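Engineer: Here the sequence shown stands for residues -23 to -1, 1 to 516, numbered as in mature numbering (1 follows the signal peptide of the UniProt record, and there is no 0). Glycine included, each C-beta is placed from N, C-alpha and C at the ideal position. Model, not experiment: these values are computed from the prediction.
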Amino acid sequence: MKNLKFARIGVMLALMFSLLGCQKFLNVEPKDSLSGNNFWRNAGDAETFTLEVYRLFRYGVGIERPTMLAGDFRNAPVLKTNSYPNRTDINMISAGLIKTLVGTVRTEGAGVENTFWATHVYWNRMDDWVPHYKVIQSANILYEKVPMIAENDASISPAVVKRYQAEAVFMRCLTYFFLIRLYGDVPYYTNAYNQDPLPRTNHVEVAKRCIADLQAVKDDLPWTYKEPANHAVRAMRGSAIALLMHLNMWCAGFDEGNKRLYYEATDLLGDELLHVGMEQEGAYALLPIDQTSSIFNGRSKEGLFEIPTNPNYQSNTSSGKEQIENFRRHFVGHVLHQPYFVLNSSNPDKSEVAYSSTYMSTIYPEGEPDGRITEWFTKDNNPIANMYSGTSAFQCFKFFNFAYGNANTPQSVGFSQIVFRMSDAILLQAEAVANLGTNDGKAVELLNMIRSRAKAGLYPGINNYDNSIRDAIYWERCKELMGEGHYYYDLVRTGKLMDPTYCFRPMSYAAFLQGAWTWPINAKATNNNPFMTLNEYWK
């Protein structure tokens, strides 16, 4: 029966989304027979539809394109190593050559080694926002239709309906958050069956609307779930708080006149997450540094929201499992080599990407204590010199699970892509408090929570970056969140993207103002929509 329900909802959404772009922009309205007046009969129907919303996000945004990877590599101090075939795309994205990156197609025959990555990484999918709007459309439908289950089944409480609606709002706002970081201004709507061509809404306004919507429903979400399998892979109150913190900090970077209000909101949200969610409710925790594998294996108490990519949770396809073993769309596949993980048998002993030695020395000054060096870079007797080498000898074990041995197995890299976790939120609060400038002691305390957990030297005694608490927090985010998709967006929202002190591949101020920080938008977005404009810089 459960499989029949999933098949039914899958057919419904497939038919619904097939209408996208055929007649009107973002017209994904299904026929009445598909919209589900006869579908929303009980909690099982609501559960089935809700899980499909998460699945659409997981695959369309998190797995079928290198969304998270883009946050780590764009304008980053990453280097193409001497591995073969030739990863020319690494040089492109680190230098900000986005139009060339998206427009490159694989060539066959002579020269294929220079473009083979086009059909492995799929950078060319990054200009297409249709998968995001599929999530938004289905979330809007869920929000509107789910009250029908209580109308059809009196045993279903209002609290259950509100929880499903809060999940819908979270997924909609999360998807808009991803959209504005990629494209800047985007079409915004919340009605279930949009039929009208829409212009793009300013990205700060989109973020502000998401803040208002999410703030109104966050308390309808549980701090966590009774079923451990749902922790962090479904929206929790901590997930909503983390997203609200990020949305506020995004606004603070662009809405100069109101930035203090956003910092204050972030600080209050951080207090709620720490003092209520973690301390009172016990829903969340900072795990010991030697339990890193538990964090990225997924569903840990440190996780707030994540995208599972573990092969143990794959559904069947004609090949037996989904083709997520192409780890070139994910950070982990770039920074390991044999015996741990081998993407390319031609050069099994070479990682395809390394970080520059200058950058690694900046975030991990040589000779200063930090447990992350042991756990993430020198595990299994790997020489410390490799992490500073800037060569194919570089490896990062942050996402590798040694519990499965050190052999080349899918289980060993069966990680979850962490969207939000406690250490991210704590450092974000520390940044907000430091920017307010009224309680540096609190900012230091928050920073040292992360350093203490990592068995690193505490501020200001160690790594004080010329006694600048703001700089110490920034570099701590670079260190703690490496490989988790935050690097580039931290540069964008803070304005550090234009400062060579912080950005190793800086962007000019003029280019930033012209929108060079965004991605191109596929020209098909203008089909049947006279109000649509593309990103001017990338035309």
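#1: With DSSP as the reference, please indicate the residues paired to Lys57 in a beta bridge.
#2: Within the continuous alpha helix (DSSP H) that includes Val112, where are the two ends?
#3: With distances taken Cα to Cα, identify the nearest neighbour of Ala493 among Ser322, Lys516, Ala500, Phe308.
#4: Using beta-carbon positions only, say whether Gly230 and Thr471 come within less than 8 Å of one another.
#5: In the stretch 190 to 269, which residue ranges form an unbroken alpha helix (DSSP H) of at least 4 residues, counting only runs that do not cross its ends?
#6: Would you decide whether Gln257 is buried or exposed? Buried here means 16 or more other CB atoms lie within 10 Å of its CB.
#7: How about Met399 and Leu281: do their beta carbons lie closer than 8 Å?
#8: Rounded to the nearest angstrom, what separates Arg211 and Trp227 at their Cα positions?
#9: Between Tyr486 and Tyr451, is the Cβ-Cβ spacing less than 8 Å?
#10: Would you identify the three-state DSSP class for Thr178, choosing helix, strand or coil?
#11: Quick one: what's got a C-beta closer than 8 Å to Lys139's C-beta in the same chain, skipping five residues either side?
#12: Inspect the beta-carbon positions of Ala145 and Val30 and report whether they are closer than 8 Å.
#13: Going by DSSP, what residue range makes up the alpha helix (DSSP H) through Ile126?
#14: Report back the beta-carbon spacing between Lys432 and Asp347 to the nearest angstrom; my notes put them in contact at under 8 Å.
#15: Taking the CB atoms as reference points, tell me whether Ile70 and Arg51 lie closer together than 8 Å.
#16: Alpha carbon to alpha carbon, how far is Ala488 from Leu474?
#17: Here's the rule I'm using: 16 or more other beta-carbon atoms within 10 Å means buried, otherwise exposed. How should Gly382 be labelled?
#18: Scan the stretch 308 to 393 and note each continuous alpha helix (DSSP H) run of 4 residues or more that stays entirely inside, going in chain order.
#19: In its own chain, which residues sit with a C-beta less than 7 Å from the C-beta of Leu313, not counting the 5 before and 5 after it?
#20: Classify Glu408: buried if its beta carbon has 16 or more other beta carbons within 10 angstroms, exposed otherwise.
#21: Given a cut-off of 8 Å, decide if Leu221 and Leu191 are closer than it, judged by their beta-carbon atoms.
#22: Reducing DSSP to helix, strand and coil, say where Tyr137 ends up.
#23: Pop quiz: Trp17 and Ile157 are said to be a contact at Cβ under 8 Å. What is the actual Cβ separation, rounded to whole angstroms?
#24: For a quick check, are the C-beta atoms of Thr167 and His109 less than 8 Å apart?
#25: For Glu461, does the count of other Cβ atoms within 10 angstroms reach 16, so buried, or fall short, so exposed?
#26: Is it right to say residue 525 is buried, meaning 16 or more other beta carbons lie within 10 angstroms of its own, or is it exposed?
#27: Mind checking who Val163 pairs with in its DSSP beta bridge?
#28: Taking Cβ to Cβ, would you say Tyr99 is nearer than 8 Å to Arg306?
#29: To the nearest angstrom, how far is the alpha carbon of Asn505 from that of Asn171?
#30: Using the beta-carbon count (16 or more within 10 Å), is Ala47 buried or exposed?
#31: Measure from the alpha carbon of Asp267 to the alpha carbon of each residue in Lys375, Phe34, Ile395, then state which is nearest.
#32: Ordered along the chain, which non-local residues of its own chain (more than five positions away) have a Cβ less than 6 Å from that of Leu423?
#33: Which parts of the stretch 434 to 470 are runs of the beta strand (DSSP E), unbroken and 3 residues or longer, counting only runs that do not cross its ends?
#34: Can you list, in chain order, the residues of its chain whose CB lies under 6 Å from that of Ile118, leaving out five sequence neighbours each side?
#35: Which residues bound the alpha helix (DSSP H) around Leu46?
Structural biologist: Let me spell this out:
#1: Val330
#2: 107 to 122
#3: Lys516
#4: yes
#5: 214 to 231, 236 to 248
#6: exposed
#7: yes
#8: 23 Å
#9: no
#10: strand
#11: Val194, Asp197
#12: yes
#13: 125 to 129
#14: 7 Å
#15: yes
#16: 11 Å
#17: exposed
#18: 334 to 340, 348 to 353
#19: Ser328, Gln372, Phe377
#20: buried
#21: yes
#22: Per the sequence presented here, residue 137 reads as Val, with Tyr not at that position. Residue state, collapsed to three classes: helix.
#23: Incorrect: roughly 31 Å between the Cβ atoms, too far for contact.
#24: no
#25: buried
#26: The requested residue 525 does not occur in the structure, where the chain is confined to residues -23 to 516.
#27: Thr178
#28: yes
#29: 14 Å
#30: buried
#31: Lys375
#32: Ile403, Gln406, Ala407
#33: none
#34: Ala169
#35: 44 to 50
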